[in-house]
Amino acid sequence: NTTYLFSTATTTLGKVIAFWPILVPIAAYGFQKSLQGNVIATFCTVYIEMIRGVPLITLLFMSLVLFPIFLPTGLEALNVWRVMAAFTMFSAAYLAENVRGGLQAIPRGQYEAADSLGLSTFNKYTKIVLPQAIRIVIPAIVGQFIGIYKDTSLVYLVGLFDFLRVANVISSQPSWLTVRTEPYIFLFVVYFIGSGLMAWYSRRLERQLAVGQA
56 NTTYLFSTAT
66 TTLGKVIAFW
76 PILVPIAAYG
86 FQKSLQGNVI
96 ATFCTVYIEM
106 IRGVPLITLL
116 FMSLVLFPIF
126 LPTGLEALNV
136 WRVMAAFTMF
146 SAAYLAENVR
156 GGLQAIPRGQ
166 YEAADSLGLS
176 TFNKYTKIVL
186 PQAIRIVIPA
196 IVGQFIGIYK
206 DTSLVYLVGL
216 FDFLRVANVI
226 SSQPSWLTVR
236 TEPYIFLFVV
246 YFIGSGLMAW
256 YSRRLERQLA
266 VGQA
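So in this note's numbering, the last one in the sequence shown is 269, and the numbering has no gaps at all.
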(Lines of atoms letter the chains of each structure in order from A; the text may use other names.)
(Lines give C-alpha, C1' and ligand atoms only; values in the text may rest on other atoms or scores of the structure.)
Protein backbone atom coordinates (compact mmCIF):
# COMPACT_ATOMS: atom_id res chain seq x y z
CA ASN A 56 0.00 0.00 0.00
CA THR A 57 3.02 2.31 -0.26
CA THR A 58 1.93 3.72 -3.64
CA TYR A 59 -1.56 4.47 -2.38
CA LEU A 60 -0.33 6.10 0.84
CA PHE A 61 2.21 8.18 -1.05
CA SER A 62 -0.35 9.41 -3.58
CA THR A 63 -2.91 10.33 -0.91
CA ALA A 64 -0.43 11.95 1.51
CA THR A 65 -0.82 15.70 1.88
CA THR A 66 2.24 16.36 4.03
CA THR A 67 5.91 15.54 3.85
CA LEU A 68 5.63 13.41 6.99
CA GLY A 69 2.81 11.43 5.41
CA LYS A 70 4.94 10.75 2.34
CA VAL A 71 7.80 9.56 4.52
CA ILE A 72 5.46 7.27 6.49
CA ALA A 73 4.28 5.82 3.17
CA PHE A 74 7.70 4.18 2.87
CA TRP A 75 7.36 2.46 6.24
CA PRO A 76 8.56 -0.96 4.89
CA ILE A 77 11.95 0.65 4.34
CA LEU A 78 11.92 2.20 7.80
CA VAL A 79 11.40 -1.16 9.50
CA PRO A 80 14.86 -2.64 8.75
CA ILE A 81 16.46 0.74 9.48
CA ALA A 82 14.76 0.88 12.88
CA ALA A 83 15.69 -2.75 13.53
CA TYR A 84 19.34 -2.03 12.67
CA GLY A 85 19.39 0.98 14.99
CA PHE A 86 17.75 -1.06 17.74
CA GLN A 87 20.35 -3.79 17.28
CA LYS A 88 23.26 -1.36 17.33
CA SER A 89 22.00 0.49 20.39
CA LEU A 90 21.76 -2.77 22.34
CA GLN A 91 25.13 -3.99 21.02
CA GLY A 92 23.65 -7.21 19.65
CA ASN A 93 21.99 -8.22 22.92
CA VAL A 94 18.39 -7.97 21.72
CA ILE A 95 17.36 -11.39 23.03
CA ALA A 96 19.15 -10.83 26.34
CA THR A 97 17.45 -7.45 26.75
CA PHE A 98 14.05 -8.91 25.95
CA CYS A 99 14.56 -11.73 28.45
CA THR A 100 15.71 -9.29 31.13
CA VAL A 101 12.67 -7.06 30.61
CA TYR A 102 10.34 -10.08 30.68
CA ILE A 103 11.88 -11.53 33.85
CA GLU A 104 11.86 -8.24 35.72
CA MET A 105 8.25 -7.51 34.71
CA ILE A 106 7.00 -10.94 35.80
CA ARG A 107 8.97 -10.92 39.06
CA GLY A 108 7.58 -7.49 39.89
CA VAL A 109 3.96 -8.66 39.72
CA PRO A 110 2.22 -10.98 42.25
CA LEU A 111 1.05 -14.35 40.96
CA ILE A 112 -2.58 -13.62 41.79
CA THR A 113 -2.39 -10.52 39.58
CA LEU A 114 -1.15 -12.61 36.67
CA LEU A 115 -4.00 -15.06 37.21
CA PHE A 116 -6.62 -12.33 36.99
CA MET A 117 -4.86 -10.73 34.02
CA SER A 118 -4.79 -14.06 32.18
CA LEU A 119 -8.55 -14.40 32.55
CA VAL A 120 -9.23 -10.86 31.34
CA LEU A 121 -6.48 -10.17 28.78
CA PHE A 122 -5.85 -13.63 27.32
CA PRO A 123 -8.88 -13.53 24.97
CA ILE A 124 -7.63 -10.25 23.49
CA PHE A 125 -4.64 -11.98 21.90
CA LEU A 126 -6.68 -14.83 20.44
CA PRO A 127 -8.08 -14.77 16.89
CA THR A 128 -11.72 -13.84 16.47
CA GLY A 129 -14.01 -16.76 17.24
CA LEU A 130 -11.37 -18.70 19.17
CA GLU A 131 -11.81 -19.09 22.91
CA ALA A 132 -9.68 -20.72 25.59
CA LEU A 133 -10.94 -22.39 28.72
CA ASN A 134 -10.15 -20.72 32.03
CA VAL A 135 -7.97 -23.70 32.91
CA TRP A 136 -5.69 -23.01 29.94
CA ARG A 137 -5.55 -19.32 30.79
CA VAL A 138 -4.51 -20.07 34.36
CA MET A 139 -1.95 -22.61 33.15
CA ALA A 140 -0.46 -19.95 30.84
CA ALA A 141 -0.16 -17.53 33.77
CA PHE A 142 1.53 -20.17 35.95
CA THR A 143 3.90 -21.01 33.08
CA MET A 144 4.90 -17.38 32.58
CA PHE A 145 5.41 -16.90 36.32
CA SER A 146 7.42 -20.09 36.79
CA ALA A 147 9.56 -19.50 33.70
CA ALA A 148 10.77 -16.12 34.98
CA TYR A 149 11.84 -17.46 38.36
CA LEU A 150 13.33 -20.61 36.84
CA ALA A 151 15.40 -18.49 34.45
CA GLU A 152 16.80 -16.52 37.38
CA ASN A 153 17.69 -19.73 39.22
CA VAL A 154 19.53 -21.10 36.19
CA ARG A 155 21.29 -17.76 35.65
CA GLY A 156 22.58 -17.95 39.21
CA GLY A 157 23.94 -21.41 38.51
CA LEU A 158 25.64 -20.22 35.31
CA GLN A 159 27.32 -17.38 37.18
CA ALA A 160 28.62 -19.85 39.77
CA ILE A 161 30.51 -21.86 37.14
CA PRO A 162 34.23 -20.95 37.16
CA ARG A 163 35.46 -19.08 34.10
CA GLY A 164 37.98 -21.84 33.52
CA GLN A 165 35.20 -24.22 32.50
CA TYR A 166 34.20 -21.94 29.64
CA GLU A 167 37.82 -21.50 28.58
CA ALA A 168 38.43 -25.26 28.72
CA ALA A 169 35.43 -25.88 26.47
CA ASP A 170 36.66 -23.25 24.03
CA SER A 171 40.15 -24.77 24.01
CA LEU A 172 38.62 -28.12 22.99
CA GLY A 173 37.00 -26.45 19.99
CA LEU A 174 33.44 -27.14 21.13
CA SER A 175 30.63 -25.19 19.55
CA THR A 176 28.50 -22.89 21.70
CA PHE A 177 25.68 -25.44 21.76
CA ASN A 178 27.93 -28.33 22.82
CA LYS A 179 29.77 -26.14 25.32
CA TYR A 180 26.58 -25.32 27.19
CA THR A 181 24.77 -28.66 26.85
CA LYS A 182 27.73 -30.91 27.69
CA ILE A 183 29.85 -28.87 30.11
CA VAL A 184 28.27 -25.70 31.48
CA LEU A 185 24.57 -26.49 31.97
CA PRO A 186 25.04 -29.92 33.67
CA GLN A 187 27.19 -28.25 36.33
CA ALA A 188 24.87 -25.25 36.66
CA ILE A 189 21.77 -27.40 37.08
CA ARG A 190 23.52 -29.45 39.77
CA ILE A 191 24.23 -26.27 41.71
CA VAL A 192 20.69 -24.87 41.55
CA ILE A 193 18.78 -28.09 42.32
CA PRO A 194 17.78 -26.86 45.82
CA ALA A 195 16.54 -23.55 44.42
CA ILE A 196 14.61 -25.22 41.59
CA VAL A 197 12.97 -27.75 43.92
CA GLY A 198 12.11 -24.94 46.33
CA GLN A 199 10.40 -23.15 43.47
CA PHE A 200 8.50 -26.30 42.51
CA ILE A 201 7.29 -26.70 46.08
CA GLY A 202 6.17 -23.07 46.15
CA ILE A 203 4.28 -23.43 42.86
CA TYR A 204 2.73 -26.68 44.08
CA LYS A 205 1.29 -24.89 47.11
CA ASP A 206 0.39 -21.75 45.13
CA THR A 207 -1.97 -23.77 42.96
CA SER A 208 -4.52 -23.18 45.70
CA LEU A 209 -4.74 -19.57 44.43
CA VAL A 210 -6.83 -20.74 41.47
CA TYR A 211 -9.69 -20.87 43.96
CA LEU A 212 -9.71 -17.07 43.91
CA VAL A 213 -10.29 -16.96 40.15
CA GLY A 214 -13.22 -19.35 40.20
CA LEU A 215 -11.58 -22.71 39.44
CA PHE A 216 -12.11 -25.87 41.42
CA ASP A 217 -9.21 -27.22 43.42
CA PHE A 218 -8.71 -28.90 46.80
CA LEU A 219 -9.35 -25.68 48.71
CA ARG A 220 -12.58 -24.92 46.87
CA VAL A 221 -13.79 -28.50 47.33
CA ALA A 222 -13.09 -28.23 51.06
CA ASN A 223 -15.08 -24.99 51.25
CA VAL A 224 -17.96 -26.49 49.27
CA ILE A 225 -18.07 -29.49 51.59
CA SER A 226 -18.11 -27.24 54.64
CA SER A 227 -20.99 -25.18 53.19
CA GLN A 228 -23.27 -28.15 52.56
CA PRO A 229 -26.26 -28.25 54.97
CA SER A 230 -25.65 -31.90 55.79
CA TRP A 231 -21.95 -31.24 56.51
CA LEU A 232 -22.15 -28.05 58.56
CA THR A 233 -20.45 -29.69 61.51
CA VAL A 234 -17.63 -31.04 59.36
CA ARG A 235 -15.18 -28.16 58.96
CA THR A 236 -11.93 -29.45 60.40
CA GLU A 237 -11.55 -32.73 58.50
CA PRO A 238 -11.36 -31.28 54.92
CA TYR A 239 -8.62 -28.85 55.91
CA ILE A 240 -6.70 -31.55 57.74
CA PHE A 241 -6.88 -33.59 54.54
CA LEU A 242 -5.55 -30.59 52.60
CA PHE A 243 -2.70 -30.26 55.08
CA VAL A 244 -1.78 -33.93 54.66
CA VAL A 245 -1.89 -33.78 50.82
CA TYR A 246 0.26 -30.66 50.57
CA PHE A 247 2.65 -31.84 53.27
CA ILE A 248 3.17 -35.24 51.64
CA GLY A 249 3.61 -33.71 48.18
CA SER A 250 6.13 -31.13 49.41
CA GLY A 251 7.94 -33.71 51.51
CA LEU A 252 8.31 -36.09 48.57
CA MET A 253 9.78 -33.35 46.38
CA ALA A 254 12.21 -32.30 49.11
CA TRP A 255 13.22 -35.95 49.70
CA TYR A 256 13.84 -36.55 46.00
CA SER A 257 15.83 -33.33 45.80
CA ARG A 258 18.20 -34.48 48.55
CA ARG A 259 18.49 -37.91 46.93
CA LEU A 260 19.28 -36.38 43.54
CA GLU A 261 21.90 -34.12 45.08
CA ARG A 262 23.62 -37.12 46.70
CA GLN A 263 23.56 -39.09 43.44
CA LEU A 264 25.02 -36.23 41.45
CA ALA A 265 27.65 -35.60 44.12
CA VAL A 266 28.74 -39.26 43.93
CA GLY A 267 28.77 -39.15 40.14
CA GLN A 268 30.85 -35.99 40.18
CA ALA A 269 33.29 -37.54 42.61
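Using N, Cα and C, we set each Cβ at its ideal position, and we do this for glycine too.
| Asked | Found |
| --- | --- |
| Go to Q228, then tell me how far its alpha helix (DSSP H) extends in each direction, as first and last residue. | No alpha helix (DSSP H) contains Q228, which DSSP labels as neither H nor E. |
| Look up I161 in the DSSP assignment and say whether it is helix, strand or coil. | coil |
| Kindly indicate which three-state DSSP category G156 falls into: helix, strand or coil? | helix |
| Would the region 193 to 207 count as touching the region 148 to 167 if we require 3 or more Cβ pairs under 8 Å? | yes |
| Using C-beta distances below 8 Å, list every residue in its chain close to I103, excluding the 5 sequence neighbours before and after it, in chain order. | A148, A151, E152 |
| When the Cα atoms are used, what is the spatial distance from S208 to K182? | 38 Å |
| Measure the alpha-carbon distance for L219 versus T128 and round it to whole angstroms. | 34 Å |
| In the DSSP assignment, the alpha helix (DSSP H) including L115 goes from what residue to what residue? | 111 to 121 |
| Does the beta-carbon distance from F74 to L111 come in below 8 Å? | no |
| Quick check: the region 238 to 252 against the region 212 to 227, are at least 3 beta-carbon pairs closer than 8 Å? | yes |
| Would F116 pass as a contact of V213 if the rule is Cβ separation under 8 Å? | yes |
| Count the other C-beta atoms from every protein chain shown that fall within 10 angstroms of the C-beta of S171, then say buried if there are 16 or more, exposed otherwise. | exposed |
| Under 8 Å by Cβ, that's how I've got K205 and Y246 pegged, so tell me the actual separation to the nearest angstrom. | 6 Å |
| Which of helix, strand or coil does DSSP assign to V213? | helix |
| Quick check on N93: does DSSP put it in helix, strand or coil? | coil |
| Is F247 helix, strand or coil when you go by DSSP? | helix |
| So, is R137 buried or exposed, given that buried needs 16 or more other C-beta atoms within 10 angstroms? | buried |
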